[in-house]
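This report concerns only the one structure given below.
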Amino acid sequence: GAGVSQSPSNKVTEKGKDVELRCDPISGHTALYWYRQSLGQGLEFLIYFQGNSAPDKSGLPSDRFSAERTGGSVSTLTIQRTQQEDSAVYLCASSSARQGAYGYTFGSGTRLTVV
Amino acid sequence: GDSVTQMEGPVTLSEEAFLTINCTYTATGYPSLFWYVQYPGEGLQLLLKATKADDKGSNKGFEATYRKETTSFHLEKGSVQVSDSAVYFCALSNFGNEKLTFGTGTRLTIIP
């Protein structure tokens with residue numbers, strides 16, 4: 057598509073439930089990133105996919121968080137047993153292999169609220 | 005590890021005022037530096053970037069100069085407009101690292 061698409065745009069869930077957040081990157085972009093934007097915390101790196109390489113999961117805050125990228129395109133971020141501190145805006149970005157960090161295009165994010 | 009420290013907000017200015025948002029960084033090697041902007045209800049957009057010392061990035065009247073001696077990348081604009089109201093993020097990417105390290109963001113509000 058023309059841009060990075062994220063769904064849902066808003067999600068309210070009860071504490072303890074699992075949630076899935078979806079990201080559709082720009083067609084042809086091989087790199088895909090997930091970041092978390094918490095109030096007063098800035099943007100926090102979560103995970104990075106590049107082509108068929110093993111993902112860089114170094115930013116995932118706990119084992120309740122996982123992500124996959126199917127067919128080198130769509131990515132799903134899953135949070136199990138959600139906690140209130142998981143409330144944040146989850147941002148996805150994609151980039152071409154050639155541009156790397158210079159070519160990020162961000163989606164509008166998913167605002168997650170855990171009640 | 006790499007880090008970015010940004011001027012804390014919120015910042016409120018009158019239209020046509022001069023703007024400076026401070027940004028300093030800590031990084032090994034020679035990072036590339038970025039300013040991103042997030043307008044209300046929208047995703048982050050790249051505003052400008054600089055890839056080596058003394059480079060000046062510029063866009064939409066905003067400028068920032070990569071100062072290696074002071075490890076800074078301050079954002080400036082000579083005359084702000086109401087439409088510049090947004091959250092501004094300073095960020096860096098280090099050589100060979102695809103990840104961006106962001107500052108905490110500075111919320112800017114311009115009043116007519």
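So the protein sequences, as listed, match chains A and B. Each residue of the first sequence is one higher than the one before, starting from 57 at the first, in this note's numbering. Each residue of the second sequence is one higher than the one before, starting from 5 at the first, in this note's numbering. Glycine included, each C-beta is placed from N, C-alpha and C at the ideal position. Everything numeric in this text was worked out from a predicted model, so none of it was measured.
Here A:G115 is near A:L102, since their CB atoms are less than 8 Å apart. In the DSSP assignment, B:A90 falls within the beta strand (DSSP E) that extends over A90 to S97. Rounded to whole angstroms, A:P117 and B:T69 show a C-alpha spacing of 34 Å.
Close CB contacts of B:G107 within its chain, under the 8 Å cut and outside five residues either way in sequence, are with V8, T9, Q10, C27, F93, C94 and A95 (chain order). In this structure, the beta-carbon distance from B:G61 to B:K72 does not fall below 8 Å. Contact with chain B is absent for A:S83, since none of that chain's Cβ atoms lies less than 8 Å from the residue's Cβ. Boundaries cannot be given for A:S65, as no beta strand (DSSP E) includes it and DSSP labels it neither H nor E.
In its chain, beyond the 5 residues on either side, V84 have a beta carbon closer than 7 Å to the beta carbon of B:A21. A:T161 has A:S150 as its beta-bridge partners, per DSSP. In this chain, the beta strand (DSSP E) harbouring B:N63 covers K60 to N63.
Here B:Y34 is exposed. Its C-beta has fewer than 16 other C-beta atoms within 10 Å.
Across the set A:V130, A:S109, A:S129 and A:Q136, the C-alpha of A:Q136 shows the shortest separation from the C-alpha of A:S122.
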